[in-house]
Amino acid sequence: MNSQRQRRVYSALTISFLLFGLVLSAIDWRNQDYLAQDIPQNVLDTVEGAIISESSVKVKGIDVFYRVAEPGKVVDPTGLTLFLLHGAAFTSSTWQNQIDTTQTMSTLGHRVIAVDLPGSGNTASGSIGKREEFLAELIGALSPGQPVVLVSPSYSGSFSLPLLLSNPELLSGYVPVAPGSAFSYKGRLSNVRVPTLIVVGENDGRGSSVILKEIPTSSDLQIIPNAGHPAYLDDPERWHKLLHNFMGLVQSKY
Numbered sequence: 001m002n003s004q005r006q007r008r009v010y011s012a013l014t015i016s017f018l019l020f021g022l023v024l025s026a027i028d029w030r031n032q033d034y035l036a037q038d039i040p041q042n043v044l045d046t047v048e049g050a051i052i053s054e055s056s057v058k059v060k061g062i063d064v065f066y067r068v069a070e071p072g073k074v075v076d077p078t079g080l081t082l083f084l085l086h087g088a089a090f091t092s093s094t095w096q097n098q099i100d101t102t103q104t105m106s107t108l109g110h111r112v113i114a115v116d117l118p119g120s121g122n123t124a125s126g127s128i129g130k131r132e133e134f135l136a137e138l139i140g141a142l143s144p145g146q147p148v149v150l151v152s153p154s155y156s157g158s159f160s161l162p163l164l165l166s167n168p169e170l171l172s173g174y175v176p177v178a179p180g181s182a183f184s185y186k187g188r189l190s191n192v193r194v195p196t197l198i199v200v201g202e203n204d205g206r207g208s209s210v211i212l213k214e215i216p217t218s219s220d221l222q223i224i225p226n227a228g229h230p231a232y233l234d235d236p237e238r239w240h241k242l243l244h245n246f247m248g249l250v251q252s253k254y
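In structure tokens:
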């Protein structure tokens, strides 16, 4: 995307984000029940039929590998895009092969994109400059003109947290799972207005997650019982239910 077009897209996104924020501020994100609605059985019965394609896009001179699943036919498209980052020990494959988040969420009507960050999976390492700028360009390339709900576990917090401050208009929602680098942002998140679902495993440290409660539009801690650092792997059913309810709230006010 050339710089002039990128500026136009970001300007349009900024206006949309401001209007979006006025509506979202009316929701009491802290006190929602994010387990209220079950995933419909007809969705669960057809998850295995989800179609996932693979491709790559050049960002900062690096060919970034990604997987994408378009909305399925069981549920009407929601218009939302779920954008999946990963932890240091994982890749985009995790969301498809270790846990069927890509399939489940696309069957629920969302567009789902999972990427391999530089130096992981099928994406080569390279010089990318500031991580938030890299992530902003990546989101702009894969979801032009459409803010995303960004899932960011562990290591990927070093990409997503600075993006919250630099380009919040690119996000319609944020789902941090014990994100790295959070302590560096203590006292800096009170002006963020991106709806945020904070997920943490019961057996993992909660320090970084507690800091995220500075975000006025954040949930309370959503603790997955008996789960460790990659909490989503220990209880995929609860993880998908949390995502389903959160994205339903975002969709209702989008």
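Position 133 (the sequence shown) corresponds to 133 in full-length UniProt numbering; numbering is contiguous. Idealized CB from N, CA, C, for every residue including glycine. Computed from a predicted structure; not experimentally measured.
Between the alpha carbons of residue i and residue j, how many angstroms are there, rounded?
| i | j | result |
| --- | --- | --- |
| Ser-55 | Leu-117 | 14 Å |
| Lys-241 | Leu-165 | 28 Å |
| Met-247 | Tyr-34 | 10 Å |
| Ser-252 | Leu-85 | 24 Å |
| Lys-130 | Leu-189 | 19 Å |
| Ala-136 | Gly-157 | 14 Å |
| Ser-120 | Ala-88 | 8 Å |
| Asn-122 | Ser-154 | 19 Å |
Does any residue of chain B bring its CB to less than 8 Å from the CB of residue i?
| i | result |
| --- | --- |
| Lys-253 | Given the protein chain composition of this structure (a single chain), no chain B is represented. |
Please state the DSSP three-state secondary structure of residue i.
| i | result |
| --- | --- |
| Glu-137 | helix |
| Tyr-174 | strand |
| Val-115 | strand |
| Phe-90 | coil |
| Ile-73 | The question names Ile, yet the displayed sequence has Lys at residue 73. If DSSP states are grouped into helix, strand and coil, Lys-73 belongs with coil. |
| Val-210 | helix |
Cα-Cα, which of the options is closest to residue i?
| i | options | result |
| --- | --- | --- |
| Leu-161 | Ala-114, Ile-215 and His-244 | Ile-215 |
| residue 315 | Ser-125, Leu-44, Tyr-232 and Val-47 | Look at the range of the chain in this structure, 1 to 254, and you will see that residue 315 is not part of it. |
| Arg-30 | Thr-217, Val-250 and Leu-243 | Thr-217 |
Hey, quick one: how far does the beta strand (DSSP E) through residue i stretch, first residue to last?
| i | result |
| --- | --- |
| Pro-153 | 148-153 |
| Phe-83 | 81-84 |
| Arg-238 | Note, Arg-238: premise wrong, no beta strand (DSSP E); alpha helix (DSSP H) at 236-253. |
Should residue i and residue j be called a contact, given that it needs their Cβ atoms to be closer than 8 Å?
| i | j | result |
| --- | --- | --- |
| Arg-111 | Ser-92 | no |
| Ile-198 | Lys-213 | yes |
| Asp-204 | Ala-231 | yes |
| Pro-147 | Leu-171 | yes |
| Ile-27 | Leu-249 | yes |
Specify, as a first and last residue, the run of the alpha helix (DSSP H) that residue i falls within.
| i | result |
| --- | --- |
| Gly-157 | 157-166 |
| Val-43 | 41-44 |
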